[in-house]
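344 is the number of the first residue of the sequence shown in this note's numbering; add one for each residue after it.
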Amino acid sequence: MAYKNPILLTLLCLLGAISLFGEITINARFNPAVIALGDRAQYIVEIIDSSDTSMPQSESVQSLPIPVVRELNLVNGRVSNSTQTNYINGKGQFSNTQSLIFDVRINRSGSYKIPEFQFSYKGGMQTVESASISVLERGADAAPTQDEILLLKADLPKSMFIGQSYSTTLDLFVESSISLTGISGYEGQADGYAMSELDLNAPTESIQIIDSRRYRVLSWPINVTPIRTGQQPLEFNFTVSVRSPQSRDPFNIRSPFGGSLLDNLVGRSELFDVSSESLSIEVKALPEIGQPDSFSGAIGDFNLQVYSDLQSIKVDEPIMLSVEISGRGNFDRIQEPPIEETSEWRNYSPEVTFQSKDELTLEGTKRFDYIFIPRQSGMQELPKIAFSFFDPQTEEYTELISPPIKIEVGPNQAVQKGEISSPEETLVVDIKDNESLQLSRTLSPEEALLTLEYRQKEPLPHCAEILRSPNYYLANILAFITLLMTGLYLQKRRKLNCDPVFSLQYAANKEFKKAFSASLKCRDINDFYQLALLALRLAATRKTGINFRNATGEEIKGLIADKSAQEISSEFFSTADAIHFSKNTTKADLKIARDQLQIILKNL
């Protein structure tokens, strides 16, 4: 059935739109509307979506076209959201409030008014009503302002390069006439930065005097790394509890907080939000001109040292090449230096260790231990190592290249011919009547046991009583088992010494069992993921014979054939990264994580 009346159709559409979007209310105000010069206030714009059918969805508002008012500055803009549901006589009322809050900075007394303005919201233009604030002169006996008794500062540069790590301190100044009783909250509003965590319970303390006022200063080290280019705002906020002291003058009826005589006599605690001044850093992109191919994101000032643990080896024997990068900078972005593939060497992914010299991990030494195995004999050179970094002081790239290390590689005759011979020192061991084997050194009893062909001598005649004794057969069985177990043990030990791949798999299997067992017993979700990731990498090492101890999630995923298991592996590594870097454990379920680990290991 089609509607022929266009007016009726239009009304139906309007009613449908109203039921879909609900009612929109816009409020604007200063809080408080009257202040003394130096006091703090806020300008608040509330966008209220309400409906009587269901909870309406608000549209995110990132900025407002607020008219500029001379002498009135709005800083530290932020957004707060809240929802409310009421039932009156069985009828529901739903509202979703989005509050845009700005701190007010005024340096001169007078009356100020932000005029009415409009902005776009949900496809229509909404009007924000005007709001006024009055700023009065501060009297001589007025209580000190909050800015005079509580300050929050952070010393940061005006410009930085993207990815550059900068260490500083966040300083809370508390005027000596009041007592800090607690810090109940901390927030760093910095979408364009990665920042280290603050341990609110472990600040360092000092005393400073500013404008004849004595302050107790609490300092926390903090590391700031910009992740976006352009002007990036930055703000810090503490929620603190302070207690005013008892008044020394019984006739002074005002406390530093504007309280009464009773407050001065007994003291009282109040909560305050302390914010730093609005900060903005110009984040510059790294220059592309002159950027070496070996650059992987290291920014700072570093040194390179390369050395090997041996000067001479034999073919198919392992040698370790250690690469140490020391200095100051963003060590978390330093990746393993790439190794050039050569026909003379086989190499594996390195073991990575880091020793920090400060609590922000900006100074220290990062070490990469590579395993190389020569393919052929002769005087060989280990591949050169190239590492580059960007120095923000000189704004130039520096590339460090290590000279190649010469290694004397001798032939491994045991591998090439299946025998070991040397003209210097030989030992002839009879195997059969007309055969002999020349050895380059004296064999241990265990090695001789594996090398010689075991031949039982002609048995001596025994009496019938001995042959009938069960102890005779038991002794022979025990001797055979002991001989067999000794041979298997010595064969495994010799394989561990001669076969680096088998040695790597054997060690990985032992560590895997410990890590997997510990992960099943773990109750903390963060510790579980650390142990689980180690178990997965050790399982991959055990399976392939290649060092996967530092493998990424994509590398582990590439070893899995089943597509559903691949998706589970990607989700598992993503959740582990989220917990490690953002400390977000709300979405992590320990039981589900254990089941996912079992599935990945089953398909690995």
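Beta carbons are placed, not taken as given, at the ideal position from N, Cα and C, and that holds for glycine.
Separation of the CB atoms of Val471 and Leu493 is rounded to 31 Å, and the pair is thereby denied contact status at 8 Å.
Under the three-state reduction of DSSP output, Asn429 falls in the strand class. C-alpha of Thr895 to C-alpha of Val583: approximately 42 Å in a straight line.
Every unbroken stretch of the beta strand (DSSP E) spanning 3 or more residues and falling wholly within the stretch 620-693 is given here in chain order: 622-627, 638-651, 655-657, 662-672, 688-690.
In the same chain as Leu407, and ignoring 5 residues on each side of it, the C-beta atoms closer than 7 Å to its own belong to Val388, Leu443, Phe462, in chain order. In this structure, the CA atom of Ile824 is about 11 Å from the CA atom of Leu817.
The C-beta distance from Thr511 to Asp498 rounds to 5 Å, short enough to meet the 8 Å contact threshold.
With 16 or more other Cβ atoms from the protein chains shown falling within 10 Å of its own Cβ, Gly643 counts as buried.
Looking at the DSSP output, Asp514 bridges to Lys496, Ser562. The beta-carbon separation of Leu725 and Pro747, rounded to 6 Å, stays under the 8 Å limit for a contact.
By the neighbour-count criterion, in which 16 or more other beta carbons inside 10 Å mark a residue as buried, Pro680 falls on the buried side. In this structure Val617 is in contact with Leu515, their Cβ atoms being roughly 7 Å apart against a cut-off of 8 Å. Look at Gly896 here: in three-state DSSP terms it is helix. Following the DSSP letters along the chain, one finds Thr488 in no beta strand (DSSP E), marked with neither H nor E. Residues Phe373, Asn374, Ile444, Phe445, Asp446, Val447 of the same chain have their beta carbon placed closer than 8 Å to that of Gln385, with the five preceding and five following residues left out of the count. In this model, Tyr558 and Leu523 are separated by some 11 Å (Cα to Cα).
Excluding its 5 nearest sequence neighbours in each direction, Gln698 has C-beta neighbours in its own chain below 7 Å: Gly707, Thr708, listed in chain order. At least 8 Å separates the beta-carbon of Gly535 from that of Gln507.
The beta carbon of Leu415 lies closer than 6 Å to those of Ile449, Tyr455 in the same chain, with the five residues before and after it left out. Separation of Asn544 and Ser393 (C-alpha to C-alpha, rounded to the nearest whole angstrom) is 42 Å. Around the CB of Val411, fewer than 16 other CB atoms lie within 10 Å, so the residue is classed as exposed. Excluding residues up to 5 positions away in sequence, Ala875 lie with their Cβ nearer than 6 Å to the Cβ of Leu940 in the same chain. In this structure, Ile656 is the residue among Ile656, Ala537, Gly633, Asp842 with its C-alpha nearest to the C-alpha of Gly721. In this structure, the alpha-carbon of Met398 lies about 30 Å from that of Gly528. The continuous beta strand (DSSP E) containing Ala474 extends over residues 474-479. In this structure, DSSP gives Val844 a helical state, which the three-state scheme calls helix.
According to DSSP, residue pairing for Asn580 in a beta bridge involves Glu530, Ser618.
Between Pro500 and Ile624, the C-beta gap is smaller than 8 Å, which places the two residues in contact. Per DSSP, Leu725 is one residue of the beta strand (DSSP E) stretching across 721-725. In the three-state reduction of the DSSP assignment, Ile716 falls in the strand class, which pools E and B.
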